[in-house]
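Top to bottom, those sequences are chains A and B.
Residue numbers are given in our numbering: position 120 of the first sequence equals residue 120, and the series is strictly consecutive.
Residue numbers are given in our numbering: position 15 of the second sequence equals residue 218, and the series is strictly consecutive.
Glycine is no exception: its CB is placed at the ideal position from the N, C-alpha and C atoms.
Right, one structure below, let's go through it.
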Amino acid sequence: MERDTEVELARQLIAGNPEAFDRFVEHFRAKIFHYSWLMCGQREDAEEVAQETLLKVFESFDHLRDPERVRPWIFQIAKNACLMKRRKSVFAPSKELSLDEFLPTMSHAGGHGKLQIADWSSLPDDRMLRSELKGVLEQAIGELPENYRSVMLLRDVEELSTLETAQILDLTEDVVKTRLHRARLAVRQKLDEYLSTSPARGK
Amino acid sequence: MASHEHNEKCKEVFSLLSEYLDLELTAEACQEIEAHLVGCPPCIEFAESLRKTVDLCHRYQPTELPDPLGQQAREQLLDAYRKMLAGRKPVS
Ligand SMILES: [Zn+2]
Numbered sequence: 001m002e003r004d005t006e007v008e009l010a011r012q013l014i015a016g017n018p019e020a021f022d023r024f025v026e027h028f029r030a031k032i033f034h035y036s037w038l039m040c041g042q043r044e045d046a047e048e049v050a051q052e053t054l055l056k057v058f059e060s061f062d063h064l065r066d067p068e069r070v071r072p073w074i075f076q077i078a079k080n081a082c083l084m085k086r087r088k089s090v091f092a093p094s095k096e097l098s099l100d101e102f103l104p105t106m107s108h109a110g111g112h113g114k115l116q117i118a119d120w121s122s123l124p125d126d127r128m129l130r131s132e133l134k135g136v137l138e139q140a141i142g143e144l145p146e147n148y149r150s151v152m153l154l155r156d157v158e159e160l161s162t163l164e165t166a167q168i169l170d171l172t173e174d175v176v177k178t179r180l181h182r183a184r185l186a187v188r189q190k191l192d193e194y195l196s197t198s199p200a201r202g203k
Numbered sequence: 204m205a206s207h208e209h210n211e212k213c214k215e216v217f218s219l220l221s222e223y224l225d226l227e228l229t230a231e232a233c234q235e236i237e238a239h240l241v242g243c244p245p246c247i248e249f250a251e252s253l254r255k256t257v258d259l260c261h262r263y264q265p266t267e268l269p270d271p272l273g274q275q276a277r278e279q280l281l282d283a284y285r286k287m288l289a290g291r292k293p294v295s
């Protein structure tokens with residue numbers, strides 16, 4: 001669902017039109033569930049976070065002054081619900097990733113520098129629809145340290161802006177940019193490993 | 204380990220790639236990166252793989268979905284919504 005549609009549904013609900021209720025709930029429930037599932041790692045917790053978040057959303061709908069902000073507003077509430085729920089050390093706790101660990105390797109065979117990289121030319125294609133690559137991507141995101149995972153989920157999966165993400169996570173925009181770049185590099189590396197080891201599956 | 208094999212400009216580009224892809228750099232910084240990319244195939248190839256990584260995230264649709272919303276949970280939400288509406292001060 002596009003952000004425009006979400007905004008329209010939010011407007012209708014704010015105007016007191018309950019016809020938008022079920023679509024709104026179904027859409028955001030799946031989104032919040034997914035974010036929390038990748039943040040907490042537990043289905044049960046993620047379902048509770050989704051319900052608690054939506055409850056808060058409906059109780060305080062009038063606090064959303066600008067319906068354009070419905071997505072970041074809901075993720076702000078979801079993030080807090082998720083923090084309350086989080087069972088520590090589920091997987092990949094917070095730590096720092098350094099840029100240098102993702103610098104690509106060069107080989108100098110034959111004089112000219114050449115990048116050691118998988119063949120990415122077949123992407124993106126319908127492989128994204130196949131569960132294998134999707135699974136690799138999901139796992140790569142899931143293995144990110146928590147402080148990077150939350151940034152990447154909000155920026156690249158939920159497509160929130162740098163400013164919105166910074167506000168939700170209570171970080172500066174510069175920190176969001178730094179973490180996003182390292183998270184992307186880490187995920188890129190995992191995808192690269194996958195593409196290098198399964199060349200025949202490409203076509 | 205391999206870092207000494209990269210020249211400084213490549214490393215600088217490498218550190219700015221996400222901001223470059225997200226169009227968050229100044230026009231000058233952006234031009235500077237493009238000027239380098241034109242003459243550096245390894246950096247182009249790397250940038251392309253990073254761009255595709257981001258693109259995959261945008262296209263990604265979750266495999267894991269919640270169980271269907273139960274009747275009771277739905278009622279709870281609808282109730283909260285109705286109460287919120289009822290609690291508004293009448294506009295006159
Ligand atoms: Zn270069």
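Indicate whether at least one CB of chain A lies closer than 9 Å to the CB of residue 233 (chain B). Position 30 of the second sequence, counted from the first residue, corresponds to residue 233 (chain B). Not an interface residue.
Using a C-beta cutoff of 9 Å, does residue 253 (chain B) count as contacting chain A? Walking along the second sequence from the start, residue 253 (chain B) turns up at place 50. Closer than 9 Å to some Cβ of chain A, the Cβ of residue 253 (chain B) qualifies, so yes.
Taking the Cβ atom as the reference point for each residue, do residue 47 (chain A) and residue 81 (chain A) lie within a distance shorter than 9 Å? Working through the first sequence from its first residue, we reach residue 47 (chain A) at position 47. Working through the first sequence from its first residue, we reach residue 81 (chain A) at position 81. No, the pair does not count as a contact, with Cβ atoms beyond the cut-off.
Distance, residue 210 (chain B) Cα to residue 236 (chain B) Cα: Taking the first residue of the second sequence as 1, we reach residue 236 (chain B) at position 33. Taking the first residue of the second sequence as 1, we reach residue 210 (chain B) at position 7. Their Cα atoms are separated by approximately 14 Å.
Among A:3, A:120, A:139, A:18, which one has its Cα closest to the Cα of residue 286 (chain B)? Translated into the one-based positions of the second sequence, residue 286 (chain B) becomes position 83. Of the listed residues, the one whose Cα sits closest to residue 286 (chain B) is A:18.
Which ranges would you report for the alpha helix (DSSP H) in the segment 226-266 of chain B if only whole runs of at least 4 residues count? 230-241, 244-262
Can you confirm whether residue 239 (chain B), when its beta carbon is compared against all beta carbons of chain A, has any partner nearer than 9 Å? Along the second sequence, one-based indexing puts residue 239 (chain B) at 36. By this cut-off, residue 239 (chain B) is not an interface position.
In chain A, which residues lie less than 8 Å from residue 279 (chain B) when you measure between Cβ atoms? The residue you call residue 279 (chain B) lines up with position 76 of the second sequence. Within 8 Å Cβ-Cβ: 51, 55.
Does the beta carbon of residue 257 (chain B) sit closer than 9 Å to a beta carbon anywhere in chain A? Taking the first residue of the second sequence as position 1, residue 257 (chain B) is located at position 54. Yes, residue 257 (chain B) counts as interfacial toward chain A.
Residues of the segment 20-37 of chain A in Cβ contact with chain B at a cutoff of 7 Å, in chain order, please. 21, 25, 29, 30, 33, 34, 37
Alpha helix (DSSP H) segment containing residue 135 (chain A), residue limits: Your numbering for residue 135 (chain A) matches position 135 in the first sequence. Where residue 135 (chain A) is concerned, the enclosing alpha helix (DSSP H) stretches over 131-142.
May I ask you to report which of helix, strand or coil DSSP gives residue 15 (chain A)? For this step, residue 15 (chain A) is matched to residue 15 along the first sequence. Three-state DSSP puts residue 15 (chain A) in coil, outside helix and strand.
C-beta neighbour in chain B for residue 120 (chain A), strict 9 Å: Against the first sequence, residue 120 (chain A) aligns to sequence position 120. It does; some Cβ of chain B falls within 9 Å.
Please find out if some non-hydrogen atom of ligand 1 comes closer than 8 Å to the beta-carbon of residue 271 (chain B). The residue labelled residue 271 (chain B) in the question sits at position 68 within the second sequence. Every heavy atom of ligand 1 is 8 Å or more from the Cβ of residue 271 (chain B), so no.
Within the same chain, show all residues whose beta-carbon is closer than 8 Å to that of residue 14 (chain A), passing over the 5 residues directly before and after it, in chain order. Position 14 of the first sequence, counted from the start, is the residue given in the question as residue 14 (chain A). Taken in chain order, the residues that qualify are 61, 62, 64, 67.
What residues from chain B crowd round residue 187 (chain A), counting only those whose CB sits closer than 8 Å? For this step, residue 187 (chain A) is matched to residue 187 along the first sequence. Here the neighbours are 256, 260.
Just to make sure I have the definition right: I need the residues of chain B whose C-beta is within less than 7 Å of the C-beta of residue 131 (chain A). Which are they? In the first sequence, counting from the first residue as 1, residue 131 (chain A) sits at position 131. Under the 7 Å cutoff, chain B gives 266.
Could you tell me how far apart the beta carbons of residue 168 (chain A) and residue 58 (chain A) are, in whole angstroms, since I believe they sit closer than 8 Å? Indexing the first sequence from 1 puts residue 168 (chain A) at position 168. Indexing the first sequence from 1 puts residue 58 (chain A) at position 58. The Cβ separation is near 20 Å, so there is no contact.
Close Cβ partners of residue 224 (chain B) (< 6 Å) along its chain, the five nearest in sequence each way excluded: Looking up residue 224 (chain B) in the second sequence gives position 21. Taken in chain order, the residues that qualify are 254.
Give a yes or no on whether the C-beta atoms belonging to residue 175 (chain A) and residue 183 (chain A) are separated by under 9 Å. Taking the first sequence and counting its residues from 1, the one referred to as residue 175 (chain A) is at position 175. Taking the first sequence and counting its residues from 1, the one referred to as residue 183 (chain A) is at position 183. No, Cβ-Cβ distance for residue 175 (chain A) and residue 183 (chain A) is not below 9 Å.
With a cut-off of 9 Å, does the C-beta of residue 75 (chain A) fall near any C-beta of chain B? Working through the first sequence from its first residue, we reach residue 75 (chain A) at position 75. No, residue 75 (chain A) lies away from the interface with chain B (no Cβ there is under 9 Å from its Cβ).
To the nearest angstrom, how far is the alpha carbon of residue 54 (chain A) from that of residue 25 (chain A)? As a working note, residue 54 (chain A) is residue 54 in the first sequence. As a working note, residue 25 (chain A) is residue 25 in the first sequence. Those two C-alpha atoms are separated by around 7 Å.
Is there contact here, the segment 145-162 of chain A with the segment 112-121 of chain A, by at least three beta-carbon pairs under 8 Å? no
I need the DSSP call for residue 268 (chain B), collapsed to helix, strand or coil. Mapped onto the second sequence, residue 268 (chain B) falls at position 65. It is coil, neither helix nor strand.
Can you list, in chain order, the residues of its chain with a C-beta nearer than 7 Å to that of residue 95 (chain A)? Leave out the 5 residues immediately preceding and following it. Here residue 95 (chain A) is taken as the residue at index 95 of the first sequence, counted from 1. Taken in chain order, the residues that qualify are 145.
Excluding sequence positions up to five away, which residues of its chain have a Cβ less than 6 Å from the Cβ of residue 45 (chain A)? Within the first sequence, residue 45 (chain A) is the residue found at index 45, counting from 1. Correct list, in chain order: 85.
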